[in-house]
């Protein structure tokens, strides 16, 4: 997850 | 209908006005465009029925495997009414000579092969959006938490495609199968694209955005 932090953040973002 | 409604607004290319026209500028414009297109695909995935119900780990796994196939379908759908050019955006079309000059000859050939296959089938917008959702659902990631949930996600999309084809192409009972049989070529084309962008990244001639690099690394 740490390695793919941008994707992780984008998916968590509700918009 | 839901997938058609959720289709994102097309992204425009934004060539850097301070950089003189060159093959490198073409590649820079393309990489920037694809990075923004990738952001759009990630946002769009959340609106595919069933996707957001998957675990975050599985959502990541599907996107990490299927993002390039989804991007390829975006380019393919924009290029369907063109005979020579790849339409990456309304304001960014590349013909064979431009692709060759930018070192994208293999990608051009592979994409044209796929586009001509879909042109012969007269692929409709409904089929484009359903296939685009299906490539995420069917991305064959090796590291999923809940394969049953993903199977169900695939089944719903498969059923939608079958229902659509039964209504739209009643005279061709094999149309759904024909569409699904294009998926190997789509994956092959996406792999070719991944190879191309990995090579560009290794050559270090074109700056790439962090998200695009992160997704390339996942491949």
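Residue numbers (my numbering), protein chains in the order written: chain A, 76 to 90; chain B, 1001 to 1219. Here a beta-carbon is modelled for each residue, glycine too, at the ideal position from N, C-alpha and C. Predicted, not measured: the structure shown is a model, and the values here were computed from it.
query, result
"With DSSP run on the structure shown, which of helix, strand or coil describes residue 1205 of chain B?", "coil"
"Mind checking whether residue 82 of chain A and residue 1208 of chain B have CB atoms under 8 Å apart?", "no"
"Give me whichever residues DSSP pairs with residue 1133 of chain B in a beta bridge.", "None, per the DSSP bridge assignment."
"What does the Cβ neighbour count give for residue 1167 of chain B, buried or exposed, with the cut at 16 atoms within 10 Å?", "exposed"
"Helix, strand or coil, according to DSSP, for residue 1088 of chain B in the structure here?", "strand"
"Starting from the C-beta of residue 1029 of chain B, find all residues in its chain whose C-beta is less than 8 Å away, skip the five residues before and the five after it, and write them out in chain order.", "1013, 1014, 1015, 1016 and 1092"
"Who are residue 1094 of chain B's beta bridge partners in DSSP?", "B:1086"
"Excluding five sequence neighbours on each side, which residues of the same chain lie with their C-beta closer than 8 Å to the C-beta of residue 76 of chain A?", "Because the pLDDT at residue 76 of chain A is just 49, under 50, the model does not fix this residue reliably, and the point stays unresolved."
"Using 10 angstroms around the beta-carbon of residue 1079 of chain B, count the other beta-carbons present and answer buried if the total reaches 16, otherwise exposed.", "buried"
"Taking 8 Å as the threshold (beta carbon to beta carbon), is residue 1048 of chain B in contact with chain A?", "no"
"According to DSSP, simplified to helix, strand and coil, what is residue 1074 of chain B?", "helix"
"Is there a Cβ of chain D sitting closer than 8 Å to that of residue 1210 of chain B, yes or no?", "The structure shown contains no chain D; the protein chains it does contain are A and B."
"Answer yes or no: do residue 1066 of chain B and residue 1143 of chain B have a C-beta to C-beta separation smaller than 8 Å?", "no"
"Which residues in chain A have a C-beta closer than 7 Å to the C-beta of residue 1214 of chain B? List them in chain order.", "79, 81 and 82"
"Specify whether the region 1121 to 1128 of chain B and the region 1042 to 1051 of chain B touch according to this definition: at least 3 beta carbon pairs, one from each stretch, less than 8 Å apart.", "no"
"Counting only the same chain and skipping the five closest in sequence on each side, list residues whose C-beta sits under 8 Å from that of residue 1150 of chain B.", "1054, 1058, 1062, 1137 and 1144"
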